[in-house]
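Numbered per the numbering used here, the sequence shown spans residues 4 to 585.
First up is the structure itself, then whatever we jot down about it.
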Amino acid sequence: MSVNENTPSGPGYNIVTLMKRLEAATSRLEDLTVYHSEALSRSALGTAAGVTAEKRAEAAAGSDAGSAVGEKGVGSGADSIATSPTDTSGSGGVGSTPAAKSVDSPSSSPIIEEFETIIKTGLTQLLALSKSLDPLIEEQVIPLLRAFEAERDFLIVSLKASKPDVSSKTFSELFAPIQQHAETIINIRETNRGSKFINHLATVAEGIPALGWVTVDSPVDYISDFKDSAQFYSNRILKEYKDVEKKHVDWARTFSSVIVDLQSFVRKHYPKGLQWNENGKPLDVVIKEKNEEGASTSVIATPAVTPPDSTSGAAKTGGAPPPPPPPPASLFTDDAKSGPETDSSSSSGGGMNAVFAALNQGEGITSSLKKVDKSEMTHKNPALRAGANEASKVKKSPPPPKKPASLAAGAPSAASNVQSKKKPAHKELIDTKWIVEYFENEHKIVIEGEMNQGVFIDRCSNCTIQIKGKVSAITINECSKVGVLFENLVSGVDVIKSTGFGLQVTGSMPTLTIDQSHEGQIYLSEESLNVDIYTSQTSAINIEVPRNAEEGDYSETPLPEQVVHRIGPNGQLTSTVVAIDG
């Protein structure tokens, strides 16, 4: 029955109209409650699955559409309620849900969307490849993904907050989730150095510090340094698995692309460092507002990462924690639980009650002792006493401990270490670095280098290597009886854990660093006499200074090995090299 509200009516007619309106209002409010709850559930699920702000806005719009469906079945009375003040406030309640608020949040800005693209493409693919390779690799890549998500939240806050003091506690708390995930990644590498996937672990561990670009003024160069460090180990993966398993090659290239994309993102949006909102609110206020929106959007309170092999039902459903262990048994009540059937003569019965019971026996306590025959008593048998003295005299002392293997006469040298780790000899240019490794008794190794290339000589024995042209730097690692002839250097030479080595420069060499190396000969040229030489834990190192370059005449000068240390009156330590006479 249709009712025209403009028609004059009596008191009874007004009551009927009022009842219909109340029923319509009640029905619509129930519909709003149902669809509002469904919208909140969809919003929470969307946040956990990583949906964007636009999808959450669509979920809120779906809630409004559901409310409209409830209006159609009510009739004209519901139409009049739709224009009432009560309905306006109800609609406002729906519009104030977290899903609706996120539409205007900084997370929908192009900067954040571009950063999320790195997470959804490169990092998602990297995680899938890691899962197919080994659980250990996956375990390390998961906190890498969490660290990028934490940095995304960091950038969202920076779009709303004014620039804070970097040394403040609030800034440290904001950056803490990124730092915690980075520490987890590095700890996984350090605790699994014996793993066959150590190059994978080292690649991630060397690249994760790049996320600290938000704290420096030159972020592009900052990321470049860690990109090169990670690339050193990813190149090893490419070399090792190039012809073995393509998944490892794809993994290394995917990780490199993630760091490259991060650097491109920073070069595009933050070339001179992180930019904060000049008209924004204080950082602590923004963080407080973000945390009040809900635990799922909390900036500082980062949820813990679930291990990939976790199958516990309680962990997945958020069940109650296990009950605490039972308290330790009382020392005074052990015997009370034994019961009458317990053997009182058993020595295994514990508790203080057993001790007190034995003490209360009085003189009868010795009745259970074993009687000793007179022939076994040393104070009544001189012959037995004499035999005991002789036995004590011939008693042998314990043998001296063995000398540690590292200090024994036959301790392995650097050359034997090279032989024990012998692999096929290899010389290859990887990106901008020459790799020369595992050569033995080879004296015709020639490298044509360029200014932007470096040379890495690793675990070679009894070899001669000639480097032509001007190169960036040379590194000699764990080599024995290796001679290196080179022309010019941009940076310098590093000699690490090597013995019996020889270096000769025909051009310029700015620096020379020798660490844990012994028995070395360094032949300088006239152009390299101003070289800076740094040594630590070295011995028998001689510097050959040219006297007549045309005739090849050199003057030998040994590097000092003895240093005297003195503490002055003011408590300061001074160290002086002991002069070498002759």
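Beta carbons: idealized from backbone N, C-alpha and C, even for Gly.
Treat the numbers as computed from the prediction; the structure is a model and nothing was measured.
Rounded to whole angstroms, what is the Cα-Cα separation between Val566 and Val485? As a position in the sequence shown, residue 566 is number 563, starting the count at 1. As a position in the sequence shown, residue 485 is number 482, starting the count at 1. One C-alpha to the other measures close to 29 Å.
State the CB to CB distance for the pair Val487 and Gly452, rounded to an integer number of angstroms; the pair is presumed to be in contact (CB under 8 Å). Stepping through the sequence shown from its first residue, residue 487 is reached at position 484. Stepping through the sequence shown from its first residue, residue 452 is reached at position 449. Not confirmed; about 12 Å, so no contact.
Coil, strand or helix - Glu559 by DSSP: Taking the sequence shown and counting its residues from 1, the one referred to as residue 559 is at position 556. Three-state DSSP puts Glu559 in a strand.
Quick check on Ala360: does DSSP put it in helix, strand or coil? Translated into positions along the sequence shown, residue 360 becomes position 357. It is helical.
Nearest-angstrom Cα distance between Ala52 and Ala185? Reading the sequence shown from its first residue, position 49 is the one you call residue 52. Reading the sequence shown from its first residue, position 182 is the one you call residue 185. Because Ala52 carries a pLDDT of 39, less than 50, the predicted location of this residue cannot be relied on, and no value is offered for it.
Is the CB-CB distance between Phe504 and Ile479 below 8 Å? Numbered from 1 along the sequence shown, position 501 holds the residue referred to as residue 504. Numbered from 1 along the sequence shown, position 476 holds the residue referred to as residue 479. Cβ distance < 8 Å, so Phe504 and Ile479 count as in contact.
Opposing strand residues paired with Ala131 [DSSP bridges]: Sequence index remark: in the sequence shown, residue 131 carries index 128 (1-based). Ala131 pairs with nothing; no bridge assigned.
Taking 8 Å as the cut-off, decide whether the C-beta atoms of Leu129 and Trp254 are in contact. Locating residue 129 in the sequence shown gives position 126, where the first residue counts as 1. Locating residue 254 in the sequence shown gives position 251, where the first residue counts as 1. Yes.
Coil, strand or helix - Trp254 by DSSP: Stepping through the sequence shown from its first residue, residue 254 is reached at position 251. Trp254: helix per DSSP, three-state reduction.
Using a 10 Å radius around the Cβ and a threshold of 16 neighbouring Cβ atoms, would you call Leu576 buried or exposed? Here the question's residue 576 lines up with position 573 in the sequence shown. Result: exposed.
Assigned exposure category for Val581 - 16 Cβ within 10 Å defines buried: As a working mapping, residue 581 is identified with position 578 in the sequence shown. Counting Cβ neighbours within 10 Å, Val581 comes out exposed, since fewer than 16 surround it.
In chain order, what residues of the same chain lie with their CB nearer than 6 Å to the CB of Tyr537, ignoring the 5 residues before and after it? Position 534 of the sequence shown, counted from the start, is the residue given in the question as residue 537. Closer than 6 Å at Cβ, skipping near neighbours: Thr516.
DSSP on Asn504, reduced to helix/strand/coil? For this step, residue 504 is matched to residue 501 along the sequence shown. It should be pointed out that residue 504 corresponds to Phe in this sequence rather than to Asn. In the structure shown, Phe504 sits in coil (DSSP, three-state: anything other than H, G, I, E or B).
So what does DSSP say about Ala205, is it helix, strand or coil? Numbered from its first residue, the sequence shown carries residue 205 at position 202. Reduced to three states, the DSSP call for Ala205 is helix.
Tell whether a beta-carbon distance below 8 Å holds between Ala213 and Ile262. Stepping through the sequence shown from its first residue, residue 213 is reached at position 210. Stepping through the sequence shown from its first residue, residue 262 is reached at position 259. Yes.
Nearest-angstrom Cα distance between Glu431 and Ile448? To locate residue 431, count along the sequence shown from 1; it is residue 428. To locate residue 448, count along the sequence shown from 1; it is residue 445. Rounded to whole angstroms, Glu431 to Ile448 spans 12 Å at the Cα level.
Find out if the Cβ-Cβ distance for the pair Glu522, Thr502 is shorter than 8 Å. Taking the first residue of the sequence shown as 1, we reach residue 522 at position 519. Taking the first residue of the sequence shown as 1, we reach residue 502 at position 499. Yes.
Bounding residues of the alpha helix (DSSP H) (the contiguous stretch that carries Gln182): As a working mapping, residue 182 is identified with position 179 in the sequence shown. Counting along the chain, the alpha helix (DSSP H) containing Gln182 begins and ends at 172 to 193.
According to DSSP, is Thr541 helix, strand or coil? Counted from its first residue, the sequence shown places residue 541 at position 538. Coil.
How is Phe235 classed by DSSP in three states: helix, strand or coil? The residue given as residue 235 occupies position 232 in the sequence shown. The answer is helix: DSSP assigns Phe235 an H, G or I state.
Using 8 Å as the cut-off, can you tell me whether the stretch 286 to 294 makes contact with the stretch 157 to 174, which would need three or more C-beta pairs spanning the two stretches below that distance? yes
Is it buried or exposed for Val19, if we count other Cβ within 10 angstroms and need 16 for buried? Taking the first residue of the sequence shown as 1, we reach residue 19 at position 16. When all chains shown are included, Val19 counts as exposed.
Lys293 lies in the beta strand (DSSP E); which residues open and close that run? Position 290 of the sequence shown, counting from 1, holds the residue named residue 293. Unbroken run through Lys293 is the alpha helix (DSSP H), 286 to 295; no beta strand (DSSP E).
Measuring only the C-alpha atoms, how far is Arg155 from Thr127? Numbered from 1 along the sequence shown, position 152 holds the residue referred to as residue 155. Numbered from 1 along the sequence shown, position 124 holds the residue referred to as residue 127. Spanning the two alpha carbons is a distance of roughly 15 Å.
Taking DSSP's pairing of strands, which residues face Ser464 in a bridge? Walking along the sequence shown from the start, residue 464 turns up at place 461. Paired residues: Glu443, Ser483.
Quick one, are the C-beta atoms of Leu132 and Lys250 less than 8 Å apart? By 1-based counting over the sequence shown, the position of residue 132 is 129. By 1-based counting over the sequence shown, the position of residue 250 is 247. It is a contact, given that the beta carbons lie within the stated cut-off.
Where do the N-terminal and C-terminal ends of the beta strand (DSSP E) with Ser578 fall, by residue? Translated into positions along the sequence shown, residue 578 becomes position 575. Residues 576 to 580.
Span of the beta strand (DSSP E) holding Leu515? As a position in the sequence shown, residue 515 is number 512, starting the count at 1. Run containing Leu515: 514 to 518, per the beta strand (DSSP E) assignment.
In whole angstroms, give me the CA-to-CA distance for Ser198 and Ser232. By 1-based counting over the sequence shown, the position of residue 198 is 195. By 1-based counting over the sequence shown, the position of residue 232 is 229. Each residue's alpha carbon lies about 20 Å from the other.
I'd like the list of long-range same chain contacts for Arg192, defined as Cβ closer than 8 Å, with 5 residues on each side in sequence excluded. In the sequence shown, residue 192 corresponds to position 189, counting from 1. Excluding sequence neighbours, Arg192 sits near Gln143, Ile201, Leu204, Ala205, Val207, Ala208.
Between which two residues does the alpha helix (DSSP H) holding Ile211 run? Within the sequence shown, numbered from 1, the residue matching residue 211 stands at position 208. Counting along the chain, Ile211 falls outside any alpha helix (DSSP H), and DSSP gives it neither H nor E.
Using DSSP bridges, identify the partner residues of Asp376. If you number the sequence shown from 1, residue 376 lands on position 373. None; Asp376 has no bridge partner.
Can you tell me whether Ser520 is buried or exposed? The criterion is at least 16 other CB atoms within 10 Å of its CB, across all chains shown. For the purposes of this step, residue 520 is taken as the residue at position 517 of the sequence shown. Under this definition Ser520 is a buried residue.
Relative to the C-alpha of Lys500, which candidate in Gln540, Leu532, Cys466, Ser531 has its C-alpha closest? In the sequence shown, counting from the first residue as 1, residue 500 sits at position 497. Ranking Gln540, Leu532, Cys466, Ser531 by Cα distance to Lys500 puts Gln540 first.
Endpoints, the beta strand (DSSP E) within which Asp156 is located: Residue numbering aside, residue 156 sits at position 153 when the sequence shown is read from its first letter. Run containing Asp156: none in the beta strand (DSSP E); it sits in the alpha helix (DSSP H), 138 to 161.
I'd like the list of long-range same chain contacts for Glu559, defined as Cβ closer than 7 Å, with 5 residues on each side in sequence excluded. Taking the sequence shown and counting its residues from 1, one reaches residue 559 at position 556. Here the set comprises Asn545, Glu547.
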